[in-house]
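If you count by this note's numbering, then the sequence shown holds residues 175 to 444, one letter each, in order. The beta carbon of each residue, even a glycine, is placed where N, CA and C say it ideally should be. On a predicted model such as this, the values are computed, not experimentally measured, just so you know. Following: one structure in structure tokens, then a few remarks.
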Amino acid sequence: MARTRHILICSGKGGVGKTTLTANLGIALAKLGHKTVVLDADFGLRNLDLLLGLENRIIYTAQEVLAETCRLEQALVKHKQVPNLALLPAGNPRMLEWLKPDDMIKIAKLLGDQFEYILIDCPAGIEDGFKNAMAAAEEAIVVTTPEVSAVRDADRVIGLLNAHGIKPIQLVLNRVRPKMMLNNEMLPVSDVTDILALPLLGLVLEDEQVIISTNRGEPLTLNGTRSPAAVEYNNVARRLTGEEVPLIDPLKAGGGIRSKLGRLLQTKIF
């Protein structure tokens, strides 16, 4: 088996799509043939099991693994439709009172014996939950939206990742709205990448199918849908494995006569 990659999926601001990316990326990597585990490190607000539709199959969690009251294999929840994917659920929120970085390192080491990819769904922010999750990671994907507050918070997270020697650190820009970018109502991609100084791993368009799939517990990458977000989640997985996949141009993705006319008028005015 290839060297295990311990990848932290994190954000500064909550609600930017970090857990949704983790679920979809985990399925996409597994469907590409890679043994993948998604580790829910958000012990305060565990949602990864819901997004994967696995909430009713949880018996043991990371808490019991650390307490040695169950074996790792007993706590892992394997996805019935994607055999290469497993979930290690978060434990009780009270774990936050005693969980330490060394505990996360121990879990990651146990998982590393079985999996090629360990995706660590990190709590938002820069508090103890983030620091614990970061201890188990070797590289990171920072998720943000093209909003000033989200980008500023992401910048703080990147500073901490750099200070702890996490690399590479890559960026996924989520919930991009081409029309708003065209009208200068949303930060352009170039501004975000300049501010954060990270390579762009993925650019995911705003897609109502994400909400629908989340509520159903069926990630978009599960059933082969070709919605814009699903296509890019799969592309992120392919890029992560080293495949060269071109990034979309969000302004061209806006499509339609109206968008083309808007660009033409902007060119003439400015």
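Collapsing the DSSP output to three states places D423 in coil.
With 16 or more neighbouring CB atoms inside 10 Å of its own CB, I181 falls in the buried class.
Within the same chain, Cβ atoms closer than 7 Å to the Cβ of Y234 are found at C244, Q248, A249, the five residues on either side in sequence being excluded. Pairing G200 with A236 gives a Cβ-Cβ distance that is not under 7 Å.
Looking at the DSSP output, L356 bridges to nothing. Across the set R177, T178, K187, R179, the C-alpha of K187 shows the shortest separation from the C-alpha of N348.
Between V251 and L228, the gap from beta carbon to beta carbon is short of 7 Å. Sixteen is the threshold: since fewer than 16 other Cβ atoms of the shown chains lie within 10 Å of the Cβ of P257, the residue is exposed. The alpha-carbon separation between Y291 and K209 amounts to approximately 6 Å.
The beta carbon of R412 is closer than 6 Å to those of V419 in its chain, skipping five residues each way along the sequence. Nearest Cα to V212 within the set A307, K274, I300, D368: A307.
In the DSSP assignment, V410 falls outside any beta strand (DSSP E) and lies within the alpha helix (DSSP H) extending over 402-414. For D214, the pairing in a beta bridge is given by DSSP as D295. Taking all protein chains in view, the Cβ of P297 is crowded by 16 or more other Cβ atoms within 10 Å, so the residue is classified as buried. Here the stretch 308-320 makes contact with the stretch 274-292; the two share three or more CB pairs at distances below 8 Å.
In its chain, beyond the 5 residues on either side, M355 have a beta carbon closer than 7 Å to the beta carbon of P362. Apart from the 5 residues on each side of it in sequence, K341 sits with its Cβ closer than 7 Å to the Cβ of E313 in its chain, given in chain order. In this structure, A197 is the residue among V239, A197, G207 with its C-alpha nearest to the C-alpha of R220.
A distance below 7 Å separates the beta carbons of L259 and A204. Under the criterion of beta carbons closer than 8 Å, V317 and V190 qualify as touching, at roughly 5 Å. With a minimum length of 4 residues, the unbroken runs of alpha helix (DSSP H) contained wholly in the stretch 197-285 fall at 222-225, 236-241, 246-249.
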